[in-house]
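Following: one structure in structure tokens, then a few remarks.
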Amino acid sequence: MWCRHASFSDVVHRCRTMPIAEQGMLKLKIKLSRLKQHLRHWNKEVFGNLFHNISQAEIAVQQAEKTYDSNPSDVNLLEMNHKTATYQNILAAEEDYWKQKASCKWMAEGERNTKYFHSLVKKKRARAGINLINQDEVALTIEPKIKDSGVHFFIDLLKTEGPLNGLDWIAEIIPCIVTEEMGVALCRPVTSEEVKGVVFDMDANSTAGLDEFNVLFYQQCWNVIHHDVVDAVEDFMSGMSMPKSFTATSIVLIPKMKNPDRWGNFRPISLCNTTNKIISKLLIEQLKPRLPKLISPNQSGYIATRQIGDNILLAQEIIHSISSHKSD
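My numbering applies: residue 15 is where the sequence shown begins, and numbers increase by one.
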């Protein structure tokens with residue numbers, strides 16, 4: 015919705031060019047935090063109440079049409095066309111709003127899909143609601159009790175029992191298969207084109223993390239923010255640790271089944287910030303061509319040319335062969 019507006023890029027550019035002393039990842043973090051505040055004020059000034067604006071724009075179009083019908087002059091025609099264009103732009107913004115809320119991956123051309131997206135959002139909200147949880151054979155229906163129950167369950171599920179000791183001997187018996195050449199290649203600086211390729215290869219409508227900037231923002235504003243993003247990536251690749259704002263995630267519960275009523279029926283997933291996703295994908299791209307040399311031939315996972323079912327088929331053939339020999 016914001017990307018359609020002509021002044022959106024100007025707001026991002028003005029905020030990006032404000033001086034800042036920090037460098038690398040910290041610089042990008044501060045600039046994004048500052049930009050978020052500017053965009054909130056800009057949104058109130060430019061869009062305001064979107065649904066109120068739609069009704070007002072519709073009334074303005076109707077009045078302009080009546081004026082032109084009573085006096086079909088060139089001035090009135092231009093005014094009617096202007097009001098109609100404004101109304102269409104607001105409708106397009108509304109469609110973008112509901113589409114983003116619905117997280118819809120496809121969209122048919124032609125007639126507007128606002129009602130369809132709205133229905134998806136309502137269904138999505140209904141599925142996301144947790145109104146009942148069975149815990150220790152007790153049905154919890156009060157919201158505060160459900161929240162406390164969920165927090166305690168997932169704290170117990172995700173916490174560690176303490177550091178693992180006595181595993182140093184494993185490192186002594188595993189041979190070193192990462193050559194010096196591989197190490198140099200993995201630690202080499204990334205280029206701006208590599209970072210750009212990763213950004214534009216990602217799903218534009220993927221869910222944003224805690225910073226609320228999704229991939230679409232990075233793609234639409236790449237010409238403005240690419241220097242800061244590349245500097246942040248290079249900062250990480252040089253060995254700097256990520257700020258907590260980069261590693262912080264939003265944990266979302268995904269139902270494993272229809273109408274889940276126990277916490278074990280939910281799968282927790284972490285929504286990362288886009289910058290974190292970019293760095294992770296860059297590391298994956300650098301590791302991918304070297305994995306066949308690092309993973310033994312009898313392991314079927316993690317490599318594109320191998321299927322995880324290959325070992326299952328191989329085991330079946332071995333068992334069948336053994337059974338055939340026994341019968342003979």
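Backbone N, C-alpha and C define an ideal beta-carbon position, used for all residues, glycine too.
Here the structure is a predicted model, which means the values were calculated and not measured.
{"Item": "State whether the stretch 23-41 contacts the stretch 247-260, with contact taken as three or more CB pairs (one from each stretch) at a distance under 8 Å.", "Value": "yes"}
{"Item": "Output the boundary residues of the beta strand (DSSP E) element that contains A153.", "Value": "V152 to L154"}
{"Item": "Can you grab the Cα-Cα spacing for the pair S87 / N237, in whole Å?", "Value": "44 Å"}
{"Item": "Using only alpha-carbon positions, find the residue among N148, T155 and F22 that is nearest to L53.", "Value": "F22"}
{"Item": "Is Q321 helix, strand or coil by DSSP?", "Value": "coil"}
{"Item": "When we look at the beta-carbon of P274 and count the other beta-carbons within 10 Å, is it buried (16 or more) or exposed?", "Value": "buried"}
{"Item": "Would DSSP call V89 helix, strand or coil?", "Value": "helix"}
{"Item": "What residue range is occupied by the uninterrupted beta strand (DSSP E) comprising I147?", "Value": "I147 to Q149"}
{"Item": "Under the assumption that L305 contacts Y316 (Cβ atoms under 8 Å), give the Cβ distance between them as a whole number of angstroms.", "Value": "6 Å"}
{"Item": "If you drop the 5 nearest sequence neighbours on each side, which residues of the same chain put their C-beta closer than 8 Å to that of V89?", "Value": "none"}
{"Item": "Spatial neighbours of A4 within its chain, please: CB distance less than 6 Å, with the 5 preceding and 5 following residues excluded, ordered by chain position.", "Value": "The requested residue 4 does not occur in the structure, where the chain is confined to residues 15 to 342."}
{"Item": "Whole angstroms is fine: what's the gap from R30's alpha carbon to I144's?", "Value": "41 Å"}
{"Item": "Could you have a look at S21 and say whether DSSP puts it in helix, strand or coil?", "Value": "coil"}
{"Item": "Any chance you could list the alpha helix (DSSP H) runs of at least 4 consecutive residues sitting entirely within the stretch 158-192, in chain order?", "Value": "182-187"}
{"Item": "Could you check which residue in H27, M32 and F61 has the C-alpha nearest to that of R18?", "Value": "F61"}
{"Item": "Report buried or exposed for F65, applying the criterion of at least 16 other Cβ atoms within 10 angstroms of its Cβ.", "Value": "exposed"}
{"Item": "For F280, count neighbouring Cβ atoms within 10 angstroms of its own Cβ and tell me buried if that reaches 16, exposed if not.", "Value": "buried"}
{"Item": "Note the first and the last residue of the continuous alpha helix (DSSP H) segment covering I68.", "Value": "L64 to S84"}
{"Item": "In whole angstroms, give me the CA-to-CA distance for N103 and I160.", "Value": "43 Å"}
{"Item": "Under the DSSP definition of a beta bridge, which residues are partnered with I265?", "Value": "S284"}
{"Item": "Below 6 Å CB to CB, which residues in the same chain sit around I322 once its five sequence neighbours on both sides are set aside?", "Value": "S314 and G315"}
{"Item": "When you compare each of S220, G197 and T205 to L308 by their alpha carbons, which one comes out closest?", "Value": "G197"}
{"Item": "Is the distance from the Cβ of E93 to the Cβ of V212 below 8 Å?", "Value": "no"}
{"Item": "What residue range is occupied by the uninterrupted alpha helix (DSSP H) comprising W277?", "Value": "Per DSSP, W277 belongs to no alpha helix (DSSP H) and is neither H nor E."}
{"Item": "Any idea what DSSP makes of S330, helix, strand or coil?", "Value": "The sequence given here has Gln at residue 330, not Ser. Note: Q330 maps to helix in three-state DSSP."}
{"Item": "Tell me whether H339 is buried or exposed, calling it buried when 16 or more other Cβ atoms sit within 10 Å of its Cβ.", "Value": "exposed"}
{"Item": "Does DSSP classify N312 as helix, strand or coil?", "Value": "coil"}
{"Item": "Can you tell me which of the three DSSP states M271 falls into?", "Value": "coil"}
{"Item": "Are the beta-carbon atoms belonging to L224 and S284 less than 8 Å from one another?", "Value": "no"}
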